Amino acid sequence: MKKFNHTLLALTLFSSLALVACGGTDEEAPMDEELDPATEEAEDEAPMDHSGSGDVPAGLEEAENPAYPVGSEAMIVDGHMPGMENAIATIVGAYETTAYVVSFTTEEGDQIEDHKWVVHEEIEDAGETPFEAGTEVVLNADHMEGMSGATAEIVDAEETTVFMVDFTTNAGEEVTNHKWVAEAELAPIGDEDSE
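Count the sequence shown with mature numbering (1 follows the signal peptide of the UniProt record, and there is no 0) and you get residues -21 to -1, 1 to 174, in order.
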């Protein structure tokens, strides 16, 4: 009987210690949760490479009199990727085209929603007429991994001047030949002071 009581006492003590240990873990969890989003965000942004080759698709026409000539600088006021907004961009190229917002699935199975921008000349068998929203197309663009050859849906279309730009992200990443920034996403440097 005494042996049974010692065993029962040992089990009770062990259970109590386990509960106290679990209680400590529960108290630490919210602190971990508070740190996780920042860590995940940094991890998500770190591998992104906004740089491009500088090559342009066949048939893409240079803009004759762009608002921001090659070699000039402008501020990116509407960044469509992390780290772009308020960065100073150096214009590398300016082209007249139809720019599209597209949604597609990469070769790896990642669903990309509302990607800005793919130009008309980066779409397979594009022809002369711009595509309408809802049209399914095949992408020839290679701005990001798994994009070339992907089937995409046109979400929106805009006739505009698109710019290839160099800039430094808010995190200090040097980006060269980024494709594309639409004219509406840029502003003359110093314009934000006059607003």
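In this text, a Cβ means the ideal position worked out from N, Cα and C, and glycines have one as well. Keep in mind the model is a prediction, meaning the values are calculated, not measured.
Based on Cα-Cα distance, which residue from the options lies nearest to residue i?
i, options, result
"Glu86", "Met143, Gly125, Glu41", "Gly125"
"Val154", "Glu111, Asp135, Ala66", "Ala66"
"Asn156", "Thr69, Phe83, Glu162, Thr140", "Thr69"
"Ala131", "Ala163, Gly33, Val97, Thr76", "Val97"
"Val144", "Glu152, Val160, Ile91", "Val160"
"Val117", "Gly50, Ala129, Glu92", "Ala129"
"Met60", "Val49, Ile91, Ser127", "Ile91"
"Thr84", "Ser127, Val56, Pro109", "Ser127"
Let me know if residue i comes out buried or exposed under the rule of 16 or more other beta-carbons within 10 Å of its beta-carbon.
i, result
"Ala150", "exposed"
"Thr139", "buried"
"Glu43", "exposed"
"Gly62", "buried"
"Ala37", "exposed"
Given this structure, state the Cα-to-Cα distance separating residue i from residue j, to the nearest angstrom.
i, j, result
"Glu111", "Ile168", "34 Å"
"Glu13", "Glu41", "Below a pLDDT of 50, predicted positions are generally treated as unreliable, and Glu13, at 35, falls in that range; no measurement from the model is reported."
"Glu162", "Gly88", "31 Å"
"Ala136", "Gly33", "23 Å"
"Met54", "Leu165", "6 Å"
"Ala120", "Pro45", "23 Å"
"Ala78", "His99", "6 Å"
"Asp104", "Glu52", "34 Å"
"Tyr47", "Gly58", "17 Å"
"Gly50", "Ala73", "10 Å"
"Asp15", "Asp93", "Since pLDDT at Asp15 reaches only 33, below the 50 mark, its modelled position is unreliable, and no value is offered."
"Ile102", "Phe142", "18 Å"
"Glu39", "Lys95", "Looking at the sequence shown, residue 39 is not Glu but Leu. Cα to Cα, Leu39 sits roughly 17 Å from Lys95."
"Glu107", "Val71", "25 Å"
"Val56", "Met123", "22 Å"
"Val80", "Glu152", "25 Å"
"Val35", "Lys158", "9 Å"
Is any heavy atom in the ligand ADP found nearer than 6 Å to the beta carbon of residue i?
i, result
"Thr108", "The ligand ADP is not part of the structure shown, which contains no ligands of any sort."
My assumption, with CB atoms under 8 Å, is that residue i sits in contact with residue j. Please give the rounded CB distance.
i, j, result
"Ile133", "Thr114", "5 Å"
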